[in-house]
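Report on the following structure.
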Amino acid sequence: MHKVFLGLGGNIGNKEENFIRVHRLIAKMLGPIKQASSLYEAPPWGFSSEDNFWNQVVEIETVLEAEELLWRIKEIEEMLGRKSAEASNERYTSRPMDIDILYFDDAYFETQSLTVPHPRIQDRLFVLVPLVEIAPEFKHPLLRMTNLTLLDNCKDKSIIRKVELPPAAPS
Numbered sequence: 011m012h013k014v015f016l017g018l019g020g021n022i023g024n025k026e027e028n029f030i031r032v033h034r035l036i037a038k039m040l041g042p043i044k045q046a047s048s049l050y051e052a053p054p055w056g057f058s059s060e061d062n063f064w065n066q067v068v069e070i071e072t073v074l075e076a077e078e079l080l081w082r083i084k085e086i087e088e089m090l091g092r093k094s095a096e097a098s099n100e101r102y103t104s105r106p107m108d109i110d111i112l113y114f115d116d117a118y119f120e121t122q123s124l125t126v127p128h129p130r131i132q133d134r135l136f137v138l139v140p141l142v143e144i145a146p147e148f149k150h151p152l153l154r155m156t157n158l159t160l161l162d163n164c165k166d167k168s169i170i171r172k173v174e175l176p177p178a179a180p181s
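Residues 11 to 181 (my numbering) make up the sequence shown, in order.
This is how it looks when you write it as C-alpha cells:
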C-alpha cells in the first residue's frame, strides 16, 4: 500500500457538490481516504479570476503505482468537467476540479508526465495550510523539512480562510 497526499481544488460550478463527488470518485477509483483537511478558500494562483478556489488535502491509501494513479486522476478530473490542458492552451485556468499528487510515500522521482513531490508545495499557502492540518510533521523528501516548517517559511501572502459549511439537513 502507498500513502499518498492529494491536493484538491476547484473554482467553478457547485463547489460543495464537486467536493462531494470527488471524494466518492477518489474512494472508488484510487483508494480509501484516510484523512481529509477542512476546506479552504483562496484566490487563484498564477492567473486572474473573479472566482476564488476551494482547496483541500486528502491522504489516501492506494495499491496503484504513481503513473497509474496519475492516469486515473486525469479520468476523475474529466468526469468532473475539467478540460485537458492541451485543449485550453493555458497552464493555470478556472476549473471544476484539479487533483495534484503532492507526496507519494516519501519518494522522489521525475518522469515526463509526473514530478513527485509536487515541485511547488513549498510556494503555495493553499496547499500548505490544509496539508499542515492533517500532516504537520510529514517531511518533504527533498527539502527535508516538515510541512509545518515549510508553512512557516512560505513567502506566499495570499489570504486563506476556512470554508464554513452549514450542517447537513437530517435525512
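Just so you know, even glycine gets a beta-carbon here, dropped at the ideal spot from N, CA and C.
Inspect the beta-carbon positions of residue 70 and residue 41 and report whether they are closer than 9 Å. Going by C-beta atoms, residue 70 is nearer than 9 Å to residue 41.
Tell me whether residue 30 is buried or exposed, calling it buried when 16 or more other Cβ atoms sit within 10 Å of its Cβ. Result: exposed.
By the three-class DSSP mapping on this structure, what secondary structure does residue 51 have? If DSSP states are grouped into helix, strand and coil, residue 51 belongs with the strands.
Using DSSP with H/G/I as helix, E/B as strand and the rest coil, what is residue 131? Helix, per DSSP.
Would residue 122 and residue 160 be called neighbours here (beta carbons separated by less than 9 Å)? Not a contact, by the Cβ cut-off of 9 Å.
Report back the beta-carbon spacing between residue 47 and residue 67 to the nearest angstrom; my notes put them in contact at under 8 Å. Rounded, the Cβ-Cβ distance is 5 Å, consistent with contact.
How is residue 162 classed by DSSP in three states: helix, strand or coil? The three-state reading of DSSP puts residue 162 in helix, counting H, G and I together.
Minimum C-alpha distance to residue 78 - residue among 63, 51, 111: Checking every option, the nearest Cα to that of residue 78 belongs to 111.
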